[in-house]
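Participant: What follows is a structure written as structure tokens; I'll ask about it next.
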Amino acid sequence: GTLDKHVELEKLVATFLGVEDAMVFGMGFATNSMNIPALVGKGCLILSDELNHTSLVLGARLSGATIRIFKHNNMQSLEKLLRDAVIYGQPRSRRAWRKIIILVEGIYSMEGSIVRLPEIVSLKKKYKAYLYLDEAHSIGAVGATGRGVVEYFGMSPDDVDVLMGTFTKSFGAAGGYIAGKKDLVDFLRTHSHSAVYATSMCPPVAEQIIRAMKCLMGLDGTTQGLQRVRQLGKNTRYFRRRLHEMGFIIYGNDDSPVVPLLLYMPGKIGAFARRMLEKNIGVVVVGFPATPITESRARFCVSAAHTREMLDTVSTA
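With this note's numbering applied, the sequence shown closes on residue 1380, and no number is skipped along the way.
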């Protein structure tokens, strides 16, 4: 059930993001996969980035809406789909789509790339579509005060119709949230399977998120949260620069703390991971089907707690 801690957390999330209301869920994956079907259905059109996370893909498929894929962060590809959707409408009947929604991520977990938010918002407004933004990897990690890609680009939270994020990365906990207009959140409280049928977030987990978020907002009476956001930015840029200078091929934006280093050969990834572990370095290695078969990679996730010495040790390992 809903406890006072859940209510406190939801109010805090809404304040942190600068929106009217927010709702929290016990599982990050289900936040996407169970809420998208509540927002769209038959007669609706989903435009999804080709590199979206599996939770977004599953949610889109479960919704029963028509799905069309645009090339990763490619605005020409997205605009063509939007233009065709408006001109031709639904297949066979040619009726206008009930709803068109664009699904994107703030930072793409396997690419380290940051969404081109200003251009997507511009297209959304031009073609009267809705925007669903998954900030799982960007909330608490980018932006001057850690408020994600919306703050990173200096935009208003009102430009995004559905703000989604998880508490599993920057907040060191579990679960996720949906935030936006009060009407949106009220609708999800009664129509989302994750809200109606799933178990509420564990109270100790909610308290952990509250403490972490208050630290990030400076409500704990310290500037520790802000200092960590700034340190993460410095660490990210330093580590990426080091790898680039050493001749490694890395993907993503310079400000993204997700750093994919290309290994290419699928046969290398197991040996690479074991070799790094022998040197007391924990690294995630990723291959097919999570990536194209010829683009196997190691994924480094930089933290504010990493020191320059640690980053140097990893880069020279």
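Glycine is no exception: its CB is placed at the ideal position from the N, C-alpha and C atoms.
Determine the closest residue to Ile1312 out of Ser1255, Ala1361, Asp1197, with distance taken between C-alpha atoms.
Facilitator: Taking only the C-alpha atoms, the option nearest Ile1312 is Ala1361.
Participant: If you measure between the beta carbons of Pro1329 and Phe1363, is that distance less than 8 Å?
Facilitator: No; because the gap between Cβ atoms is not below 8 Å, this pair is not in contact.
Participant: Note the first and the last residue of the continuous alpha helix (DSSP H) segment covering Met1090.
Facilitator: Segment: none, Met1090 is in no alpha helix (DSSP H) and carries neither H nor E.
Participant: Could you compute how far the alpha carbon of Gly1288 sits from the alpha carbon of Arg1210?
Facilitator: Near 12 Å, if we compare the C-alpha coordinates of Arg1210 and Gly1288.
Participant: Could you check the C-alpha separation between Gly1235 and Gly1310 for me, to the nearest Å?
Facilitator: Distance between the alpha carbons of Gly1235 and Gly1310 is about 33 Å.
Participant: Using the three-state DSSP reduction, which class does Cys1265 fall into: helix, strand or coil?
Facilitator: Coil, per DSSP.
Participant: Could you give the DSSP three-state label for Leu1110: helix, strand or coil?
Facilitator: The answer is strand: DSSP assigns Leu1110 an E or B state.
Participant: Between which two residues does the beta strand (DSSP E) holding Asp1197 run?
Facilitator: Its beta strand (DSSP E) spans residues 1193-1197.
Participant: Quick one: residues in its chain with C-beta nearer than 7 Å to the C-beta of Ser1172, no 5 flanking neighbours on either side, listed in chain order?
Facilitator: His1116, His1200, Val1321.
Participant: Are Lys1105 and Gly1127 closer than 8 Å when you measure CB to CB?
Facilitator: Yes, these two residues count as a Cβ contact at 8 Å.
Participant: Got a sec? Which residues, its chain only, sit under 6 Å from Asp1222 by beta carbon, not counting five neighbours each side?
Facilitator: Once the five neighbours on either side are set aside, the close Cβ partners of Asp1222 are Val1184.
Participant: Compute the distance between the beta-carbons of Val1212 and Pro1220, then report whether it is under 8 Å.
Facilitator: No, Cβ-Cβ distance for Val1212 and Pro1220 is not below 8 Å.
Participant: Beta carbon of His1135, beta carbon of Leu1108: below 8 Å?
Facilitator: Their beta carbons are not under 8 Å apart, which means His1135 does not touch Leu1108 by this criterion.
Participant: Can you give me the Cβ contacts of Tyr1314 inside the same chain, cut-off strictly under 6 Å, excluding the 5 residues immediately before and after it?
Facilitator: These residues qualify, in order along the chain: Glu1174, Gly1175, Pro1323.
Participant: Is it right to say Ser1118 is buried, meaning 16 or more other beta carbons lie within 10 angstroms of its own, or is it exposed?
Facilitator: Ser1118 is buried by the Cβ-count criterion.
Participant: Can you grab the Cα-Cα spacing for the pair Phe1230 / Val1205, in whole Å?
Facilitator: Distance between the alpha carbons of Phe1230 and Val1205 is about 15 Å.
Participant: Going by other Cβ atoms of all chains shown within 10 Å of its Cβ, with 16 needed for buried, is Val1347 buried or exposed?
Facilitator: That one is exposed.
Participant: Should Gly1089 and Ala1261 be called a contact, given that it needs their Cβ atoms to be closer than 8 Å?
Facilitator: A contact, by the Cβ cut-off of 8 Å.
Participant: If I'm right that Pro1266 touches Leu1066 with Cβ under 8 Å, what's the distance once you round it to whole angstroms?
Facilitator: The Cβ separation is near 6 Å, so the contact holds.
Participant: Candidates Ala1101, His1369, Ala1159, Asn1095: which alpha carbon is nearest Leu1247's?
Facilitator: It is Ala1101 whose Cα lies nearest to the Cα of Leu1247.
Participant: DSSP on Leu1066, reduced to helix/strand/coil?
Facilitator: If DSSP states are grouped into helix, strand and coil, Leu1066 belongs with coil.
Participant: Please report the residue range of the beta strand (DSSP E) in which Thr1379 lies.
Facilitator: Unbroken run through Thr1379 is the alpha helix (DSSP H), 1371-1379; no beta strand (DSSP E).
Participant: Just how far apart, CA to CA, sit Asp1224 and Glu1270?
Facilitator: Their backbone Cα atoms lie some 27 Å apart in a straight line.
Participant: For Ser1359, which of helix, strand or coil comes out of DSSP?
Facilitator: Correct three-state label for Ser1359: strand.
Participant: What is the DSSP secondary structure of Phe1335, counted as helix, strand or coil?
Facilitator: Three-state result, Phe1335: helix.
Participant: Excluding the 5 residues flanking Lys1245 on each side, which residues of the same chain have their C-beta closer than 8 Å to its C-beta?
Facilitator: Only Glu1083, Asp1084 meet the Cβ criterion.
Participant: Can you check DSSP and say which residues form a bridge with Ala1353?
Facilitator: DSSP, once it has assigned bridges, lists no residue as partnering Ala1353.
Participant: Ser1378 and Leu1391 - do their beta-carbons sit closer together than 8 Å?
Facilitator: Residue 1391 falls outside the range modelled here, since the chain spans only 1064 to 1380, and no answer is possible.
Participant: Would you mind sorting Tyr1151 into buried or exposed? The rule is 16 or more other CB atoms within 10 Å of its CB.
Facilitator: It is exposed - the Cβ of Tyr1151 has fewer than 16 other Cβ atoms within 10 Å.
Participant: Is Ala1258 buried or exposed, if buried means 16 or more other CB atoms sit within 10 Å of its CB?
Facilitator: Per the 10 Å Cβ criterion, buried.
Participant: Can you name, in chain order, every residue of its own chain whose Cβ lies under 6 Å from the Cβ of Lys1074, other than the five neighbours on each side?
Facilitator: Around Lys1074: no qualifying Cβ.
Participant: Return the CA-CA distance between Ile1344 and Val1103, expressed in angstroms with no decimal places.
Facilitator: Cα to Cα, Ile1344 sits roughly 43 Å from Val1103.
Participant: Are the segment 1188-1199 and the segment 1157-1167 in contact at 8 Å, needing three or more beta carbon pairs?
Facilitator: At 8 Å Cβ cutoff, the stretches touch.
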